[in-house]
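Visitor: First residue of the sequence shown? That's -17 in the numbering used here, and the numbers climb one at a time after it.
Idealized CB from N, CA, C, for every residue including glycine.
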Amino acid sequence: MKTGRTIHYKVHPTPLKPGESVQTYHVRQVLKTTKHRRELAEEIARYGLVSVSVFELVIERLRREMAYQLRNGNDLHIDGIGRFSLQLGTKKVMGDDGRWHAKTYLSPEELNAREVTIEGMTFTPDKAMLSLLKDRGVHFVRQKEDYNQDIPRDQLLAVLDSYCQEHGSFTRQIFQMLFGVSRYRAQLMLDALVSEPSPLYLRQKFGPSYVYRKA
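(1) Which residues in the same chain have their Cβ closer than 6 Å to the Cβ of GLU2, if we skip the five residues on either side of it in sequence?
(2) Taking all protein chains shown into account, decide if LEU142 is buried (16 or more other Cβ within 10 angstroms of its Cβ) or exposed.
(3) Alpha carbon to alpha carbon, how far is GLY64 from ASP108? Give it in angstroms, no decimals.
(4) Taking just the CA atoms, how far does ILE60 sit from ALA110?
(5) Leaving out five residues before and five after LYS14 in sequence, what residues of the same chain have Cβ atoms less than 8 Å from its Cβ?
(6) Counting pairs of beta carbons, one from the region 76 to 96 and one from the region 181 to 193, are three or more of them closer than 8 Å?
(7) So does the region 157 to 169 actually touch the region 11 to 31, counting three or more Cβ pairs closer than 8 Å?
(8) Just to confirm before moving on: does the CB-CB distance between SER198 and THR104 stay below 7 Å?
(9) Is GLN209 helix, strand or coil by DSSP?
(10) In whole angstroms, what is the alpha-carbon distance linking ASP79 and GLN137?
(11) Run through the DSSP bridge pairs and tell me what TYR192 is partnered with.
(12) Which residues bound the alpha helix (DSSP H) around PHE37?
(13) Could you check which residue in LEU114, THR72 and SER113 has the C-alpha nearest to that of ASN94?
(14) Determine the closest residue to ARG154 out of SER144, PRO181, GLU148 and ARG185, with distance taken between C-alpha atoms.
(15) Kindly give me the distance between the Cβ atoms of LEU70 and GLU97, rounded to whole angstroms, as I take these residues to be in contact under 8 Å.
(16) Do you know whose CA, among TYR166, LYS17, SER33 and GLN125, lies nearest VAL229's CA?
(17) Given a cut-off of 7 Å, decide if VAL120 and ARG(-13) are closer than it, judged by their beta-carbon atoms.
(18) In three-state terms, what does DSSP make of ALA84?
(19) Roughly how many whole angstroms lie between the Cα atoms of LEU(-2) and SER151?
(20) Which of the three DSSP states is assigned to VAL200 in this structure?
(21) Cβ atoms of ALA168 and LEU182: under 7 Å apart, would you say?
(22) Just the Cα atoms here: how many angstroms apart are PRO90 and VAL75?
(23) Assuming GLU24 and VAL34 form a contact by the criterion Cβ under 8 Å, report the distance between their Cβ atoms to the nearest whole angstrom.
Next up, the structure:
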């Protein structure tokens, strides 16, 4: 009898690059759901270590302290979990196409402090965290592929609305994970979504990629 946890995945065709003729494939996880802070607190509270309310207070204080330390030029290393660092970039300008674009700087002097901004943060897991992920009897289950299956519009909008309420925006990569579709199909769906006569979502250039926000 199998023990441990189960991770579902699908096999997707890798889009061919110009000049390529051999089709290859890759795997992508199919998410069950997204666990939020309250749910995580309830799971941990079952072990009797801390109450739900205490856990949420600690997480809130940790969130503020992390932001404070990062904004003061430090990175954060939580032993056994990983390292958190800021990702810097430059401010964007609105183009004639209605999208945000990175500015072009022709000399170091043009790229002064007023042009620099915080774009996000990066996370690098510790080896100890990776060991926990890999050494707990995980079983992988392949789900049936159906590259042409349509996602009902009501379902698509409900999932995106829920995600944006929590995170504010999403990327193509996030869209792929939410709906278990290939990169190619995700881009087609996103292009159609932002090209509607009265689009519910807008695409904006952010760093080297695009983000999608509610209109």
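Guide: The relevant details are as follows:
(1) Your numbering for residue 2 matches position 20 in the sequence shown. Cβ within range, chain order: n/a, list empty.
(2) Locating residue 142 in the sequence shown gives position 160, where the first residue counts as 1. Classification for LEU142: buried.
(3) The residue given as residue 108 occupies position 126 in the sequence shown. The residue given as residue 64 occupies position 82 in the sequence shown. Computed Cα separation, rounded: 4 Å.
(4) Here residue 110 is taken as the residue at index 128 of the sequence shown, counted from 1. Here residue 60 is taken as the residue at index 78 of the sequence shown, counted from 1. Answer to the nearest angstrom: the Cα atoms are 11 Å apart.
(5) Counting from one through the sequence shown, the residue named residue 14 turns up at place 32. HIS(-10), listed in sequence order.
(6) yes
(7) yes
(8) This structure cannot speak to residue 198, because the chain is shown only from -17 to 197.
(9) It is not possible to answer for residue 209, since the shown part of the chain is limited to -17 through 197.
(10) Residue mapping note: residue 79 aligns to position 97 of the sequence shown, counting from 1. Residue mapping note: residue 137 aligns to position 155 of the sequence shown, counting from 1. A straight-line Cα-Cα distance of about 30 Å links ASP79 and GLN137.
(11) Along the sequence shown, one-based indexing puts residue 192 at 210. BP columns for TYR192 point to LYS187.
(12) Position 55 of the sequence shown holds residue 37. First-last of the alpha helix (DSSP H) with PHE37: 34 to 53.
(13) As a position in the sequence shown, residue 94 is number 112, starting the count at 1. Taking only the C-alpha atoms, the option nearest ASN94 is THR72.
(14) Indexing the sequence shown from 1 puts residue 154 at position 172. Taking only the C-alpha atoms, the option nearest ARG154 is ARG185.
(15) Your numbering for residue 70 matches position 88 in the sequence shown. Your numbering for residue 97 matches position 115 in the sequence shown. Going by Cβ atoms, the distance from LEU70 to GLU97 rounds to 11 Å, so no, they are not a contact pair.
(16) Coverage of the chain is limited to positions -17 through 197, which leaves residue 229 absent and any answer about it impossible.
(17) In the sequence shown, counting from the first residue as 1, residue -13 sits at position 5. In the sequence shown, counting from the first residue as 1, residue 120 sits at position 138. In contact: ARG(-13) and VAL120 (Cβ atoms closer than 7 Å).
(18) Your numbering for residue 84 matches position 102 in the sequence shown. In this structure, ALA84 counts as strand in the three-state DSSP scheme.
(19) In the sequence shown, counting from the first residue as 1, residue -2 sits at position 16. In the sequence shown, counting from the first residue as 1, residue 151 sits at position 169. Their Cα atoms are separated by approximately 28 Å.
(20) The question about residue 200 has no answer, for the chain in this structure spans -17 to 197.
(21) Taking the sequence shown and counting its residues from 1, the one referred to as residue 182 is at position 200. Taking the sequence shown and counting its residues from 1, the one referred to as residue 168 is at position 186. Taking 7 Å as the Cβ cut-off, LEU182 and ALA168 do not qualify as a contacting pair.
(22) Here residue 90 is taken as the residue at index 108 of the sequence shown, counted from 1. Here residue 75 is taken as the residue at index 93 of the sequence shown, counted from 1. Each residue's Cα considered, the two are about 19 Å apart.
(23) Taking the sequence shown and counting its residues from 1, the one referred to as residue 24 is at position 42. Taking the sequence shown and counting its residues from 1, the one referred to as residue 34 is at position 52. The beta-carbon separation of GLU24 and VAL34, rounded to 6 Å, stays under the 8 Å limit for a contact.
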